[in-house]
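Peer 1: Counted from 1, the sequence shown has number 1 at position 3 by my numbering; the numbering is strictly sequential. Heads up, the beta-carbon is just placed ideally off N, CA and C, and yes, glycines get one too.
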Amino acid sequence: MTRRSILARAPRLLAVAVLAVPLAVATRAAAQGHAAAPAADTAKKSLYSRLGGYDAIAAVTDDFIGRLATDAELGKFFAGHSTDSLNRIRQLVVDQLCFATGGPCKYIGRDMKATHQGLGITKANWDAAVKHLVASLDKFAVPAAEKGELLAIASTLEKDIVDAAAAKK
Ligand code: HEM
-1 MTRRSILARA
9 PRLLAVAVLA
19 VPLAVATRAA
29 AQGHAAAPAA
39 DTAKKSLYSR
49 LGGYDAIAAV
59 TDDFIGRLAT
69 DAELGKFFAG
79 HSTDSLNRIR
89 QLVVDQLCFA
99 TGGPCKYIGR
109 DMKATHQGLG
119 ITKANWDAAV
129 KHLVASLDKF
139 AVPAAEKGEL
149 LAIASTLEKD
159 IVDAAAAKK
């Protein structure tokens, strides 16, 4: 029920409340009003939609991977990959972010632990990568709320991406 229709019904509910069983009706009206307002007012679009959909996520991913691959310290992790392999990684990251933000994609890559195990990614490497992600999100002027939500999703991956043995280096 929309706020408008609640307001439209309000006089009738008030009349019933006065004439019949005030407490019960008033309570129900209050409950209806309370239940209806969030549904009408705060129904949120998915993070995927709010970020601008697939193309926006692909653009951020391209920028992010470009920054990782050309970083003086992090570039070594991507050295030796063919262009096709890098494109494959890129596509899997796009699909993963699309899926994780509520978009219409399936992620068919490996899990994050298996993917990154043995690479020796340190906590410092992770922090540097997050800075690059923030820079990419800022470049595309992603608003603070959406930026925060995406970074929160990324942070859930840290424990699987950072090498346990290298985590404290
Ligand atoms: C938000 C953080 C990250 C996400 C979402 C992410 C996601 C992914 C995905 C989806 C893949 C491909 C999975 C597959 O092949 O099935 C991948 C591969 C890879 N990632 Fe990440 N990654 C992240 C951070 C990092 C960082 C910080 C590094 C290194 C500095 C890194 C290095 C790599 C490398 C080298 C590969 C290729 C592994 C291989 O060839 O087998 N990733 N990543």
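Alpha carbons only, please: which of Gln115, Gly146, Gln89, Ala56 is nearest the one belonging to glutamate 162?
Peer 2: Here residue 162 is alanine; the residue named in the question, glutamate, does not match the sequence. Closest by alpha carbon: Gln115.
Peer 1: For the ligand HEM, I want to know if threonine 113 counts as a neighbour, meaning its beta carbon is within less than 7 Å of at least one of the ligand's heavy atoms.
Peer 2: For the ligand HEM, at least one heavy atom lies less than 7 Å from the Cβ of threonine 113.
Peer 1: Does DSSP classify glutamate 71 as helix, strand or coil?
Peer 2: Note: glutamate 71 maps to coil in three-state DSSP.
Peer 1: Let me know the secondary structure DSSP gives cysteine 103 once reduced to three states.
Peer 2: Cysteine 103: coil per DSSP, three-state reduction.
Peer 1: Express the C-alpha separation of leucine 148 and aspartate 136 in angstroms, rounding to a whole number.
Peer 2: The alpha-carbon atoms of aspartate 136 and leucine 148 are separated by roughly 12 Å.
Peer 1: Closer than 6 Å by C-beta to alanine 112: which residues in its own chain qualify, once you throw out the five before and the five after it? Chain order, please.
Peer 2: Counting only Cβ-Cβ distances below 6 Å, and skipping sequence neighbours, we find nothing.
Peer 1: Could you give the residue range of the alpha helix (DSSP H) that holds lysine 145?
Peer 2: Run containing lysine 145: 142 to 153, per the alpha helix (DSSP H) assignment.
Peer 1: Excluding five sequence neighbours on each side, which residues of the same chain lie with their C-beta closer than 7 Å to the C-beta of valine 92?
Peer 2: For valine 92, where only same-chain residues beyond five positions count, the Cβ hits under 7 Å are Ile55, Ala56, Thr59.
Peer 1: For threonine 154, count neighbouring C-beta atoms within 10 Å of its own C-beta (all shown protein chains included) and say buried if the count is 16 or more, exposed if not.
Peer 2: Result: exposed.
Peer 1: Hey, quick one: how far does the alpha helix (DSSP H) through histidine 79 stretch, first residue to last?
Peer 2: Where histidine 79 is concerned, there is no enclosing alpha helix (DSSP H), given that its DSSP letter is neither H nor E.
Peer 1: In whole angstroms, what separates the C-alpha of leucine 131 from that of phenylalanine 97?
Peer 2: Each residue's Cα considered, the two are about 18 Å apart.
Peer 1: Would you please state the rounded distance, in angstroms, between the beta carbons of leucine 90 and glycine 107? I believe it to be under 8 Å.
Peer 2: With a Cβ gap of about 4 Å, leucine 90 and glycine 107 count as contacting.
Peer 1: Using a threshold of 8 Å, state whether the C-beta atoms of alanine 127 and leucine 72 are closer than that.
Peer 2: Going by C-beta atoms, alanine 127 is nearer than 8 Å to leucine 72.
Peer 1: Which same chain residues, not among the five before or five after arginine 88, have their C-beta less than 6 Å away from its C-beta?
Peer 2: Cβ neighbours of arginine 88 beyond the five flanking positions: Ile63.
Peer 1: Hey, how far is the Cα of arginine 48 from the Cα of aspartate 158?
Peer 2: Looking at the two C-alpha atoms, the distance is approximately 27 Å.
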